[in-house]
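The structure appears below as structure tokens.
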Amino acid sequence: MFDLILEALLLFIDLIRFHLISFYKYVLPYSLLPKKEFHGKRILITGAGSGLGKLLSRKFAAQGAELILWDINLKSVDDLKDEFKSNGVKAHSYEVNLCDPNKISTVGQQVLRDIGKVDILVNNAGVATAKMILDSNVKDIETSFDVNVKAHFYTVQQFLPPMLEEDNGHVVTIASVAGKMGSAGLADYTSTKHAAVGFHDSLVAEIMASGKEGVKTTLVCPYYVHTSMFDATGATTRFPSIFPILDTEYVVQKIYEAIETEQEYLVTPKSFYWILPGTQILPYRAQKAIGQFLGLIQSLDRFHN
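Residue numbers for the sequence shown follow this note's numbering, so the first one is 44 and each next one is one higher.
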């Protein structure tokens, strides 16, 4: 009985400690938070040839990181590699089809053999078809799950073991607010982002169970972003002051800051920190009614031409 009481007391202390750390990172301005050093760190980014991945790569390159650029479009990452090398930054480019587990394994082993341990893995690549469930075909569904979910398993299987061995590393999962709530007209993306969030939660649990406190994780859940994935030109939300369509540069900066400060969970805009847990304590139909009122459930209509 005494052991159980002691364990409960230690849990209570941990809960207070974790809340204080989270509050500290939430309240203090970015300029005052402790930051990790990126210079010389090997950072692998999937989907680095465009969108968030490309801009995030440039942010890390500006800090002197060594970039490992993966994309299905080899020319896009070759061009980015050349851009970095012309500025004296180490960079490597690889053509990787994330729908192919064997390709991920082969290239992953090549990276470990030729370059060495990856310090930061950013699972960024994503696809979406923006179709209703009844309009989704087999290829669309399989591609979405291959890229948005399954590839996370295969990249982590390649690069996490050396991190655990050295008790040092960082795994970043780029998910979405769509991984926390459903939206009409985006079933494949929403389903896979829910799965990506579940994968990340399980990854965190397994790293905790290993006792390797030096291996950090960050889960990123932004709202809809102006990228090539969706045609958001001229798009608005019902309450744009609370739920704006996010600027790509803004989101990249927030992701960069979250990794730099080892923030475990990033949601942007900040309104979702309150909306998501606040609605989840309500009855299921009440959650959907609020989502509909806020314009979140039917919000993907604007992306359908």
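Just so it is clear, CB atoms sit at the ideal spot from N, CA and C, and this is done for glycine as well.
Collapsing the DSSP output to three states places S179 in coil. DSSP places L246 in the uninterrupted alpha helix (DSSP H) bounded by 230-253.
V192 is the residue among D162, V192, D122 whose C-alpha sits nearest the C-alpha of I217. For Y73, the CB contacts under 8 Å within the same chain, skipping 5 residues up- and downstream, are E300, T304 in chain order. In the structure shown, the three-state DSSP call for Y266 is coil. Under the DSSP assignment, V214 falls in the beta strand (DSSP E) whose first and last residues are 212-217. The three-state reading of DSSP puts T291 in helix, counting H, G and I together. A contact is defined here as three or more CB-CB pairs under 8 Å, and the segment 236-256 fails this definition with respect to the segment 284-291. Between S136 and N116, the alpha-carbon positions lie close to 10 Å from each other. Selection A230, K160, Q200, Q152 evaluated against V170 yields A230 as nearest (Cα-Cα). Bridge pairing for I86: L110, I163 [DSSP]. Assigned with DSSP and collapsed to three states, A105 falls in coil, not helix or strand. Beyond the five residues adjoining it in sequence on each side, F202 comes within less than 6 Å, by CB distance, of V161, L164 in the same chain, given in chain order. Distance from the CA atom of P326 to the CA atom of K78, rounded to whole angstroms, is 40 Å. Within the segment 119-158, the complete beta strand (DSSP E) segments of 3 residues or longer fall at 134-138, listed in chain order. V132 places its beta carbon less than 8 Å from that of L110. One Cα belongs to Q335, the other to A105, and the distance between them is close to 42 Å. Excluding residues up to 5 positions away in sequence, N167, I217, V268, T270, T291, V294, V295, I298 lie with their Cβ nearer than 8 Å to the Cβ of L95 in the same chain. C-alpha of H237 to C-alpha of S219: approximately 8 Å in a straight line.
Annotation for F315: V220 place their beta carbon closer than 6 Å to its own, counting only its chain and skipping 5 residues before and after.
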